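K.L.:
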Amino acid sequence: MIQAGARIGDLGFARGFSTLPPEFWERREPTPLPNPYLVAVSDAAAELVGVDPVLARDDAQFLAVAAGNGLPAGSEPISTIYAGHQFGTYVAQLGDGRAILLGEVNGYEWQLKGSGLTAFSRFADGRAVLRSAIREFLCSEAMDALGIPTTRALCIAGSDETVYRERAETAAVLTRLAPTHIRFGSFEVFHYRNRPDLVKALADYTIDRYFPDLRAADARYLALLREVVARTARLVAKWQAVGFSHGVMNTDNMSILGLTIDYGPFGFMDVYEAGYICNHSDEWGRYAFDRQPTIALWNCYAFAEALGDLVELQSAREALETFEPIFQRAYLGELRAKLGLQTAEDDDAELLGDLHQAMERAGADYTLTWRTLSTVTQEGEGAFAGQFKDQTLIAPWLVRYRARLRREAAGDSERKRRMDAVNPKYVLRNYLAQTAIEAAERKDFSEVRRLLDVLRRPFDEQPENDSYAAPPPEWGRRLEVSCSS
219 MIQAGARIGD LGFARGFSTL PPEFWERREP TPLPNPYLVA VSDAAAELVG
269 VDPVLARDDA QFLAVAAGNG LPAGSEPIST IYAGHQFGTY VAQLGDGRAI
319 LLGEVNGYEW QLKGSGLTAF SRFADGRAVL RSAIREFLCS EAMDALGIPT
369 TRALCIAGSD ETVYRERAET AAVLTRLAPT HIRFGSFEVF HYRNRPDLVK
419 ALADYTIDRY FPDLRAADAR YLALLREVVA RTARLVAKWQ AVGFSHGVMN
469 TDNMSILGLT IDYGPFGFMD VYEAGYICNH SDEWGRYAFD RQPTIALWNC
519 YAFAEALGDL VELQSAREAL ETFEPIFQRA YLGELRAKLG LQTAEDDDAE
569 LLGDLHQAME RAGADYTLTW RTLSTVTQEG EGAFAGQFKD QTLIAPWLVR
619 YRARLRREAA GDSERKRRMD AVNPKYVLRN YLAQTAIEAA ERKDFSEVRR
669 LLDVLRRPFD EQPENDSYAA PPPEWGRRLE VSCSS
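Quick note: the sequence shown uses the working numbering, first residue 219, plus one each step.
#1: Given a threshold of 16 other Cβ atoms within 10 Å of its Cβ, counted over all protein chains shown, does Asp270 qualify as buried or as exposed?
#2: Could you pull the DSSP bridge partners for Trp516 from this structure?
#3: For the beta strand (DSSP E) that His303 lies in, which residues bound it at each end?
#4: If you drop the 5 nearest sequence neighbours on each side, which residues of the same chain put their C-beta closer than 6 angstroms to that of Arg449?
#5: Tell me whether the beta-carbon of Ser377 lies closer than 9 angstroms to the beta-carbon of Pro511.
#6: Closer than 8 angstroms by C-beta to Leu320: which residues in its own chain qualify, once you throw out the five before and the five after it? Chain order, please.
#7: What three-state label does DSSP hand Asp739 in the structure shown?
#8: Between His464 and the rest of its own chain, which residues show a CB-CB distance below 6 angstroms, the 5 nearest in sequence each way excluded?
#9: Going by beta-carbon coordinates alone, are Arg589 and Leu611 separated by less than 9 angstroms?
#10: May I ask which residues mark the beginning and end of the beta strand (DSSP E) holding Gly376?
#11: On the CB-based measure, 16 or more other CB atoms within 10 Å of its CB, does Pro430 come out buried or exposed?
#12: Please look up how many angstroms separate the CB atoms of Arg345 and Val381, rounded, as I've assumed it's under 8 angstroms.
#13: I think Ile374 touches Val257, with their Cβ atoms under 8 angstroms apart; what is that distance to the nearest whole Å?
#14: Please identify the residue among Ala492, Asp314 and Ser350 whose C-alpha is closest to the C-alpha of Leu335.
#15: List the endpoints of the continuous beta strand (DSSP E) containing Glu244.
#16: Quick one: measure Cβ to Cβ for Arg618 and Leu569, integer angstroms, because I've assumed they're closer than 8 angstroms.
#17: Out of Pro676, Arg647 and Ala658, which one is the CA nearest neighbour of Trp693?
#18: Considering only the alpha carbon of each residue, which of Phe405, Asp527 and Met361 lies closest to Arg675?
#19: Quick check on this structure: which residue in Arg660, Ser533 and Ile513 has the alpha carbon closest to the alpha carbon of Arg349?
#20: Could you spell out the range, first to last residue, of the beta strand (DSSP E) harbouring Glu327?
#21: Here's the rule: buried if 16 or more other CB atoms are within 10 angstroms of the residue's CB, otherwise exposed. What is Arg433?
#22: Leaving out five residues before and five after Ile366 in sequence, what residues of the same chain have Cβ atoms less than 8 angstroms from its Cβ?
#23: Would you report the Cα separation of Glu539 and Glu406, rounded to the nearest angstrom?
#24: Would you give the residue range spanned by the beta strand (DSSP E) that Arg394 belongs to?
#25: Applying the criterion that 16 or more other CB atoms from any shown protein chain within 10 Å of the CB defines a buried residue, is Tyr531 buried or exposed?
#26: In angstroms with no decimal places, state the Cα-to-Cα distance between Leu420 and Val259.
#27: I'd like to check one pair, Tyr494 with Glu583: are the Cβ atoms closer than 9 angstroms?
#28: For a quick check, are the C-beta atoms of Gly302 and Leu312 less than 9 angstroms apart?
#29: For Val699, tell me which candidate among Ser499, Asp261, Ala386 and Ala224 has the shortest Cα-Cα distance.
#30: Could you name the residues that DSSP lists as bridge partners for Arg401?
#31: Identify whether Ile318 lies in helix, strand or coil by the three-state DSSP scheme.
#32: Have a look at Val666 and Glu359 and give me their C-alpha separation to the nearest angstrom.
#33: Opposite Leu256 in the DSSP bridges: which residues?
#34: In angstroms with no decimal places, state the Cα-to-Cα distance between Ala514 and Asp470.
#35: Report buried or exposed for Ala687, applying the criterion of at least 16 other Cβ atoms within 10 angstroms of its Cβ.
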């Protein structure tokens, strides 16, 4: 274990993924970022790898590593290959087109996203833009604070280097941390190349490193499939409960650890809309909010196919059939907690569904509706009904809900405490991210840092930051987010 409070020069980088055969990766050093500057550092992520965030903010060596302008001792930078189904169509080779893995520190892969061209860049430039780096940085750390499994974001290094997307923007490099960045597509690439030996090598590495309790299983590869299915189902249940839409659930964006990975055109819903599409490139709504569980299962089928030489077909089908009951149990458990219920009744799913329908008909704000629900008592409606302009849409439901509360053993104050611990007051609304981005593009990074601090405490009241809990202003209601980054 490393000691907390270290400078980056004191960290010990170790090999991890690069111990796999060379077919899985290529040696690639980052492309230096011209005249870099530090945009933001996450103190919480820094603790994971033992970096002292206070020292890092004033450490030239830390900035050099974050920008890809210097390599820490012991690092062996690589980029990795994978494939994937993108919008349902198989793409035979993708890979880290702009990400370089430096090695592992304290059990976390240290990856630079936006660090230049690799063998897998295809027609891209290998860079990330400041806009997308800020969105991923903030959302990674916000999701972790919400209790949702995710990759982590250590810092952003910016530069005045021009990068062209829909318009001219400036470049940035995001330092991303995760126990592993292996995805479903990491298996698919070798399955479709008819290399079962390499699929097996990756499966063995995955089990040995990340699922050691499966080593002794009689059918270890089937056990791996079942674990990935279960983790994926529970992850998506958490997304649905908090109103998060990933936007690009391609198989190359699905983590084998059940982490939220590859933040692109994501979005937290403002007004509740079951068919919410956060990615304006998703013309057919394949990745709409209400389709995320179905697509997650579809992706698990693709992962099972990639393990086809290791797992017998009927066993794979049985493993995949566990997805729906695991998801339903996890999702209902999440929403019961959001309702403040500690017991289960047969019509709970109907109670929840009717609340969502009332929200959608009324155009109610998803986050604030759930947050204010804790103000309802067994006898009164509190601030909750105020989320509905036409209160006739929610009045019948409130009668049922208060009757349900009276059948619970807990008192109102104790229930409110529990509900406020699972219903966030603060999420990364698109307009908040956009405000921080626009300030950062003027070289004012204070809003990025301030917003990060708010989002790391999503369940706290923070009265001094009430404005960050507000629904979007008119200009922020229909911000378009695309895959361009």
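The beta-carbon is built from N, C-alpha and C at its ideal position, and this holds for glycine as well. Please read these numbers as outputs of a predicted model, since none were measured by experiment.
P.N.:
Inspection of the coordinates gives the following:
#1: Burial call: buried.
#2: None; Trp516 has no bridge partner.
#3: Going by DSSP, His303 is part of the beta strand (DSSP E) stretching over Gly302 to Gln304.
#4: Cβ neighbours of Arg449 within its own chain (closer than 6 angstroms, five residues either side excluded): Gly476.
#5: With respect to the 9 angstroms criterion, Ser377 and Pro511 are not classified as neighbours on the basis of their beta carbons.
#6: The answer, listed in chain order, is Phe231, Val283, Leu289, Pro290, Ser293, Glu294, Pro295, Trp328, Gln329 and Leu330.
#7: Because residue 739 is not part of the residues shown, which for the chain are 219 to 703, the question remains open.
#8: Cβ neighbours of His464 within its own chain (closer than 6 angstroms, five residues either side excluded): Phe484.
#9: No.
#10: In the DSSP assignment, Gly376 falls within the unbroken beta strand (DSSP E) covering Arg370 to Tyr382.
#11: With fewer than 16 Cβ atoms within 10 Å of its Cβ, Pro430 is classed as exposed.
#12: With 8 angstroms as the limit, Arg345 and Val381 qualify as a contact, their Cβ atoms being about 5 angstroms apart.
#13: About 4 angstroms; that satisfies the 8 angstroms criterion.
#14: Cα-wise, what sits closest to Leu335 is Asp314.
#15: Where Glu244 is concerned, the enclosing beta strand (DSSP E) stretches over Trp243 to Arg245.
#16: Correct: roughly 6 angstroms between the Cβ atoms.
#17: The shortest C-alpha separation from Trp693 is found at Arg647.
#18: The candidate whose alpha carbon is nearest that of Arg675 is Met361.
#19: Of Arg660, Ser533 and Ile513, the residue nearest in Cα terms is Arg660.
#20: Its beta strand (DSSP E) spans residues Tyr326 to Lys331.
#21: Exposed, since its Cβ has fewer than 16 Cβ neighbours within 10 Å.
#22: For Ile366, where only same-chain residues beyond five positions count, the Cβ hits under 8 angstroms are Leu453, Lys456, Trp457, Val460, Phe462 and Thr478.
#23: About 21 angstroms.
#24: Here the beta strand (DSSP E) through Arg394 covers Ala386 to Ala396.
#25: Inspection of the sequence shows that residue 531 is occupied by Leu rather than by Tyr. Answer is exposed; the Cβ neighbour count stays below 16.
#26: Between the C-alpha atoms of Leu420 and Val259 there is a straight-line separation of about 33 angstroms.
#27: Per the sequence shown, residue 583 should be read as Asp rather than Glu. Cβ atoms of Asp583 and Tyr494: not closer than 9 angstroms.
#28: Annotated as proximal: Gly302 and Leu312, with beta-carbon spacing under 9 angstroms.
#29: Comparing Cα-Cα distances from Val699 to each of Ser499, Asp261, Ala386 and Ala224, the minimum goes to Ser499.
#30: Among the bridge pairs identified by DSSP, Arg401 is matched with Ser473.
#31: In the structure shown, the three-state DSSP call for Ile318 is strand.
#32: For Val666 and Glu359, the distance between alpha carbons rounds to 12 angstroms.
#33: In DSSP, Leu256 forms a bridge with Ala375.
#34: Approximately 12 angstroms, taken between the alpha carbons.
#35: Answer is buried; the Cβ neighbour count reaches 16.
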